[in-house]
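Some notes on the structure that comes next.
2 protein chains.
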Amino acid sequence: MIAKTPITPYYAVIFTSERTEVREGYSNTADRMLEMAKGQEGYLGIESAREEIGITVSYWKDLDSIRKWKMNAEHLMAQEKGRKEWYQNYKTRICFVERDYEFNK
Amino acid sequence: MIAKTPITPYYAVIFTSERTEVREGYSNTADRMLEMAKGQEGYLGIESAREEIGITVSYWKDLDSIRKWKMNAEHLMAQEKGRKEWYQNYKTRICFVERDYEFNK
Numbered sequence: 025m026i027a028k029t030p031i032t033p034y035y036a037v038i039f040t041s042e043r044t045e046v047r048e049g050y051s052n053t054a055d056r057m058l059e060m061a062k063g064q065e066g067y068l069g070i071e072s073a074r075e076e077i078g079i080t081v082s083y084w085k086d087l088d089s090i091r092k093w094k095m096n097a098e099h100l101m102a103q104e105k106g107r108k109e110w111y112q113n114y115k116t117r118i119c120f121v122e123r124d125y126e127f128n129k
Numbered sequence: 025m026i027a028k029t030p031i032t033p034y035y036a037v038i039f040t041s042e043r044t045e046v047r048e049g050y051s052n053t054a055d056r057m058l059e060m061a062k063g064q065e066g067y068l069g070i071e072s073a074r075e076e077i078g079i080t081v082s083y084w085k086d087l088d089s090i091r092k093w094k095m096n097a098e099h100l101m102a103q104e105k106g107r108k109e110w111y112q113n114y115k116t117r118i119c120f121v122e123r124d125y126e127f128n129k
């Protein structure tokens with residue numbers, strides 16, 4: 025689903041990743057992190073797709089919400105495990121969403 | 025591939041979409057638009073993945089580059105055709121990338 029974000033401005037975190045061969049534990053942790061993110065203060069929505077690379081974009085009210093989610097204890101453990109096992113490479117980009125527009129049939 | 029963008033700041037355009045059932049003409053036009061985007065002034069890279077939704081993030085030097093690409097004549101025709109045939113819904117978000125970091129195994 026395309027995230028139903030509020031009127032601009034808000035923030036986006038673009039997380040682009042390439043996986044390793046390791047599958048074990050990934051889905052459960054990803055599901056758990058998604059559920060937790062949704063409960064965070066300032067969370068606005070998420071969009072995700074994976075083919076050769078994975079792109080997950082999460083939307084947030086402000087930088088403080090992003091910082092708090094990044095430093096969440098369980099999330100820190102998941103990030104650590106991600107670097108050890110699940111991700112070959114990733115890049116995280118913190119963005120200020122200035123403007124948006126949409127089309128609906 | 026994860027886009028090899030320069031040091032921040034730069035801009036990102038997050039294009040999130042849901043397709044219709046129409047396949048005809050889509051791949052050719054998408055390939056052509058990708059090739060054209062790469063030739064635009066201020067183009068920095070692109071990342072794309074599709075599952076239930078498609079996410080394409082293109083990176084740009086500044087807002088002027090984004091504006092010029094949006095208004096490119098052949099791209100305008102493709103956008104028009106996209107609304108008519110290929111896309112059920114889409115959302116475009118124009119973002120200022122403030123900060124990024126990466127992990128490589």
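Going down the list, the protein sequences come from chains A and B.
In terms of our numbering, the first sequence opens at residue 25 and continues consecutively.
In terms of our numbering, the second sequence opens at residue 25 and continues consecutively.
Virtual Cβ for every residue (Gly too), placed ideally from N, Cα, C.
All of these numbers come straight from a predicted model, not from anything done at the bench.
Interface criterion not met: the Cβ of Met57 of chain B is under 8 Å from no Cβ in chain A.
Taking every protein chain shown into account, the CB of Ser72 of chain A has 16 or more other CB atoms within 10 angstroms, so this residue is buried. The secondary-structure analysis by DSSP pairs Tyr67 of chain B across a beta bridge with B:Trp84. The beta carbon of Ser41 of chain B lies closer than 6 Å to those of Gly78, Tyr111 and Tyr114 in the same chain, with the five residues before and after it left out. Taking C-alpha positions only, Gln64 of chain A is separated from Arg43 of chain A by approximately 26 Å. Residue pairing for Ser41 of chain B: DSSP places it in a beta bridge opposite B:Gly78 and B:Tyr114.
The way I'd put it, the region 91 to 103 of chain A doesn't touch the region 42 to 56 of chain B; fewer than three beta-carbon pairs between them come closer than 8 Å. At least one CB atom of chain A sits nearer than 8 Å to the CB of Glu126 of chain B.
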